[in-house]
Amino acid sequence: MEFVEKYLENGLELVKIYSKTKSSYFTVAPERGAIVVLLNLSGKEILYLNEATLFDRTKNIRGGIPVLFPICGRVVDGKIFFKGQEFEMKNHGFARDSSFNIAGYIDMPDKNGIALRLSSSEFTKRFYPYDFELLMQYLLSDEMFEVKMIVKNEDSSIMPFYAGFHPYFLCNKDEFTLKLECEKCFDDVEKRFIDLQDFKEIDFSKPEVNLDFLDVGSSEVEITLDRDKKIVLLKDENFKNIVVWSLKDFDFVCVEPWMGEHEGYINNKFYYLEPGAIFEGWFAIKLANE
């Protein structure tokens with residue numbers, strides 16, 4: 000297909016997908032958790048990436064859009080219980096450490112894309128004792144990039160999970176702005192709720208920013224990455240929380256759509272999928288209209 004370009008870089012297979020006009024494109028690494036590592040919308044670079052972490056398989060990738068499954072957020076002491084047994088589980092789950100297979104390419108009248116599949120295996124059952132299929136679909140038009148997560152429960156038991164995504168946006172923090180509808184925000188660094196009535200802007204002078212905007216009412220989050228780069232993050236109702244995370248002296252801000260919250264499993268805040276049932280979740284990144 001003319002909109003697909005596959006190549007090897009430092010021994011890693013990468014797949015580049017172009018829009019119909021080839022004015023936009025994205026690159027995905029199937030073997031590294033189906034992570035989108037590059038997104039260019041009409042000439043504007045959207046994502047931050049530390050390339051050294053992409054090619055070092057011993058490291059978590061810092062950048063791109065990591066897929067968080069079956070958990071998003073922190074896991075205390077790396078231990079979690081499923082089916083009455085204790086399992087090891089890293090923060091944000093195991094999908095980002097898994098190799099996905101290319102399930103096919105998507106050629107629609109107005110957009111192009113790719114589908115990638117992760118099925119339960121001996122590896123996944125070390126952490127998560129369920130039979131499942133996780134399908135990621137990435138779709139691209141000239142000004143919008145869409146992500147669809149499809150989860151099928153192939154187990155005989157009800158399957159608990161809460162998933163999410165971890166987009167690293169390349170930005171100028173002096174010009175960064177965020178607009179969303181929300182009544183509750185928890186500062187996960189200072190361990191306190193913030194009074195949003197007096198909240199004006201994010202203080203990026205701190206060593207770490209980690210803000211959990213809970214029960215976000217708006218389906219659109221308006222983001223200014225710099226004065227010439229404004230985007231809108233769209234999401235469906237499954238991704239009810241938005242986490243904003245950043246580190247001082249790095250030119251990224253993560254704006255993350257999550258189904259759950261840090262340590263949500265402790266209070267049983269799972270999404271429960273019946274045997275044979277299918278879950279579909281969606282979010283997108285588009286250029287804002289000037």
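Mapping the sequence shown onto numbering that gives the first Met the number 0, position 257 (from 1) lands on 256, and the numbers just tick up by one.
Glycine included, C-beta positions come from ideal geometry on N, C-alpha and C.
Practice task
Using three-state DSSP, classify residue 28 as helix, strand or coil.
Solution key: strand
Problem - Nearest neighbour of residue 174, chosen from 102, 287, 225, 267 [CA to CA] - result: 225
Problem - residue 107 burial status per 10 Å Cβ neighbour count (16 or more: buried) - result: exposed
Exercise for the section: Pull up the DSSP beta-bridge partners for residue 143, would you. Expected result: 285
Practice task
Using 10 angstroms around the beta-carbon of residue 135, count the other beta-carbons present and answer buried if the total reaches 16, otherwise exposed.
Solution key: buried
Exercise for the section: For my contact list, residue 74 and residue 32 are in at a C-beta cut-off of 8 Å; report their separation, rounded to the angstrom. Expected result: With 8 Å as the limit, residue 74 and residue 32 do not qualify as a contact, their Cβ atoms being about 17 Å apart.
Problem - Alpha carbon of residue 159 to alpha carbon of residue 59, nearest angstrom - result: 24 Å
Practice task
Pick helix, strand or coil for residue 157, following the three-state DSSP scheme.
Solution key: coil
Problem - Neighbourhood of residue 244 by C-beta, 6 Å cutoff - its chain only, sequence neighbours within 5 removed - result: 209, 253
Exercise for the section: Give the DSSP-derived three-state secondary structure of residue 229 in the structure shown. Expected result: strand
Exercise for the section: Could you check what DSSP says for residue 83 in three-state terms: helix, strand or coil? Expected result: coil
Practice task
Report the option in 114, 235, 205 whose CA atom is closest to the CA atom of residue 189.
Solution key: 205
Handout entry: Option in 93, 30, 184, 216 with minimal Cα separation from residue 119
Key = 93
Handout entry: C-beta atoms of residue 104 and residue 222 nearer than 9 Å
Key = no
Handout entry: Inter-residue Cα distance where the pair is residue 257 and residue 35
Key = 17 Å
Exercise for the section: Any chance you could list the alpha helix (DSSP H) runs of at least 4 consecutive residues sitting entirely within the stretch 25-73, in chain order? Expected result: 50-54
Handout entry: Straight-line Cα distance separating residue 238 from residue 85
Key = 27 Å
Handout entry: Simplified DSSP assignment, three categories, for residue 127
Key = coil
Practice task
Within 10 angstroms of the Cβ of residue 123, are there 16 or more other Cβ atoms? Answer buried if so, exposed if not.
Solution key: buried
Problem - Helix, strand or coil at residue 162 according to DSSP, with G and I counted as helix - result: coil
Practice task
Under 7 Å Cβ to Cβ from residue 102, same chain only, skipping five residues before and after it: list those, please.
Solution key: 114, 115, 116, 134
Problem - Beta-carbon proximity list for residue 9, same chain, < 7 Å, skipping 5 on both sides - result: 54
Practice task
Measure the Cβ-Cβ separation of residue 127 and residue 69 and say whether it is below 9 Å.
Solution key: yes
Problem - Between the CA atoms of residue 262 and residue 278 - distance to the nearest angstrom - result: 22 Å
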